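So in the numbering used here, the last one in the sequence shown is 374, and the numbering has no gaps at all. Using N, Cα and C, we set each Cβ at its ideal position, and we do this for glycine too. Quick caveat, the model's predicted, so the values are computed rather than measured. Report on the following structure.
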Amino acid sequence: MRVITAVSTPLRRITPSAVRQSSRRCFSSTQELEASWGFIGLGRMGYSMAKNLRAKIPAEDTLFIHDVNAAATQKFLEESPKGVRIAKNVREVAENAEVIITALPEPQHVKGVYKAMLEPATLLTDSAVKKARLFIDTSTIDPMTSAGVAQVAHSTGQGKFIDAPMSGGVVGAAAGTLTFMIGAAPEAVDGATKVLSMMGRKVLHLGEQGAGLKGKLANNYLLALNNVATAEAMSMGIKWGLDPKALAGMINISTGKCWPSEVNNPVPGVVEGSPASRGYEGGFGVALANKDLKLALKAAAEADVKLALGEAARQLYEAAESAPDCKGKDFSVVYRYLGGQE
Ligand code: NAD
Numbered sequence: 033m034r035v036i037t038a039v040s041t042p043l044r045r046i047t048p049s050a051v052r053q054s055s056r057r058c059f060s061s062t063q064e065l066e067a068s069w070g071f072i073g074l075g076r077m078g079y080s081m082a083k084n085l086r087a088k089i090p091a092e093d094t095l096f097i098h099d100v101n102a103a104a105t106q107k108f109l110e111e112s113p114k115g116v117r118i119a120k121n122v123r124e125v126a127e128n129a130e131v132i133i134t135a136l137p138e139p140q141h142v143k144g145v146y147k148a149m150l151e152p153a154t155l156l157t158d159s160a161v162k163k164a165r166l167f168i169d170t171s172t173i174d175p176m177t178s179a180g181v182a183q184v185a186h187s188t189g190q191g192k193f194i195d196a197p198m199s200g201g202v203v204g205a206a207a208g209t210l211t212f213m214i215g216a217a218p219e220a221v222d223g224a225t226k227v228l229s230m231m232g233r234k235v236l237h238l239g240e241q242g243a244g245l246k247g248k249l250a251n252n253y254l255l256a257l258n259n260v261a262t263a264e265a266m267s268m269g270i271k272w273g274l275d276p277k278a279l280a281g282m283i284n285i286s287t288g289k290c291w292p293s294e295v296n297n298p299v300p301g302v303v304e305g306s307p308a309s310r311g312y313e314g315g316f317g318v319a320l321a322n323k324d325l326k327l328a329l330k331a332a333a334e335a336d337v338k339l340a341l342g343e344a345a346r347q348l349y350e351a352a353e354s355a356p357d358c359k360g361k362d363f364s365v366v367y368r369y370l371g372g373q374e
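Structure follows, in C-alpha cells:
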C-alpha cells in the first residue's frame, strides 16, 4: 500500500491540467483559458469539501457545482461568490470541468449521476473541454456499482474514474483533514492525490479501481462488529458489578482493546467527551454504520466470502436505527439498545 500524505506542491501548479501532467491547459478555444473543476453533492461532507477545494485552487479557476437540493448550491454561491458557477445539471458539470468530484449518498445516486454525465459519450468531442476527465467518486458505495461506472468512463475514453471513499466525518471534511482510500490505475494516483490533498490529509492507494471501497468496507465491517462486541463486553462486566472505568482501563491495556473500547467507549462517562458521554450525540451515525455494514455484506456475498457475525450485527443495527431512543444517534448507542446501564 502506498501512503501519500498531503502534498506541498505550490498552489499555482495544482490545476486539472497539472494533475494530468499536461504541458498546458487545452480547451476548445485556441486561447489559454483558466481551468474548471466540478463538484456534485454538496451535503454534510461535500459542502465543506467543495469549500476547501474552492479555497485552494487558483483564484482565477472556476468551480462548477451541482446538487439536486438547490438551497445547498445557492448557499454555497452566496458564501463563495468568486469563481463558482451553479450548473443546471450534472451533464453541464461534466461538459465544463476537467476534474469532477462526487460525494453522493447511495449506489443508485452514483450510478444515476455518472450515467447522466457520461451519456451520450461525446464529452471529448462536443463540449467545451476536449480532454479526458478525471472523475473522483468519494461516496461510500459497493465496489460492483463503482466498477460499472468505471467501465463506462474507461470504455468510452471519456476519462479516468477512481473510487476514493473517505473517513474523518463531517469534522474532518470541514477541517480538510480527511483520509481517502483510493482505488486507481497507477498513472492516475499522483493526479488524484494532488486533488484530494486539497480536502484531506492522507491518501492511501490500495490498488486498482475498486480497491479503495474494498478497504473502506472491510474496515467499517470490523468497526461495526467491534462496536457491538465492546457494548456487550462492557454491559456484562458492569452487570457483574465491575466499575465501568476500571473495566475499560483494563481492556485497553489488554487484548480486547479496540477503537470502540478506547476512543469511542459506548458507556456514558467512561471516555470524557465521547458521544456516549453527551447523550450519544454527534459522532458516526447509527444509520451510516448500518449502511456501510450492509454494503460490506453485499460485497462479501458477491465474492462468496463466508461470514459468521455480519448478519446478526446487521439485524441489531437495523433495529437500533429505528428505535425511538437510538435513532439518529452515534452508533455506540447499540449499548443503550442492548439495555446497558447508563
Ligand atoms: P448527504 O446525504 O448529507 O449529502 C449528499 C448530497 O448529495 C445531498 O446534498 C443530496 O442532495 C445530493 N444528491 C443526492 N442525489 C443527487 C443527484 N442525483 N445529483 C446531485 N446531488 C445529489 O451525505 P454525506 O453525509 O455528505 O455523505 C456523502 C457520502 O460520503 C456517502 O456515501 C456517505 O456514506 C459517505 N461518508 C459520509 C460520512 C459522514 O460522516 N457523513 C463519513 C464518511 C463517508
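Taking a contact to require three or more Cβ pairs closer than 8 Å, the stretch 277-285 and the stretch 306-322 do not qualify as touching.
A contact is defined here as three or more CB-CB pairs under 8 Å, and the stretch 244-263 meets this definition with respect to the stretch 174-185. With fewer than 16 other Cβ atoms inside 10 Å of its own Cβ, Gly371 counts as exposed. Counting C-beta atoms within 10 angstroms of its own C-beta, Pro197 has 16 or more neighbours from the protein chains shown and is therefore classed as buried. Using a Cβ-Cβ distance cut-off of 8 Å, the stretch 333-345 and the stretch 289-300 are not in contact, since fewer than three pairs of beta carbons, one from each stretch, lie closer than that value. Remark: C-beta atoms of Ala217 and Thr188 do not approach each other more closely than 8 Å.
Residue state for Thr94 is assigned as strand, using DSSP reduced to three classes. The C-alpha of Gly239 lies about 33 Å from the C-alpha of Glu353.
Taking all protein chains shown into account, Trp272 has fewer than 16 neighbouring C-beta atoms within 10 Å of its C-beta and is therefore exposed.
A Cβ-Cβ distance of about 20 Å is found for the pair Ala182 and Val161, leaving them out of contact under the 8 Å criterion.
By the neighbour-count criterion, in which a residue is buried when 16 or more other Cβ atoms sit within 10 angstroms of its Cβ, Met268 is exposed. In the three-state reduction of the DSSP assignment, Val302 falls in the coil class.
Its Cα nearest to that of Ser306, the residue Phe363 stands out among Pro356, Lys330, Phe363, Tyr253. Between Val365 and Val318 a beta carbon distance of about 6 Å is seen, short of the 8 Å cut, so the two are scored as contacting. In the DSSP secondary-structure assignment, Ile72 is bridged to His98, Thr134. Between the stretch 112-127 and the stretch 70-85, the count of C-beta pairs closer than 8 Å reaches three or more; the two stretches touch.
Ranked by how close their Cα comes to the Cα of Tyr349, the residues Ala340, Ala332, Tyr367 have Tyr367 in first place. In terms of CA proximity to Leu95, Ile118 leads the group Gln106, Ile118, Ala103.
The residues His237, in chain order, have a CB closer than 6 Å to that of Val221 in the same chain once the five nearest residues on each side in sequence are set aside. Around the Cβ of Arg310, a 10 Å sphere holds fewer than 16 other Cβ atoms; the residue is exposed. Here Thr211 is near Gly232, since their CB atoms are less than 8 Å apart.
The C-beta distance from Thr134 to Asp169 rounds to 5 Å, short enough to fall under 8 Å.
In the structure shown, Met81 falls within a helical segment according to DSSP collapsed to helix, strand and coil.
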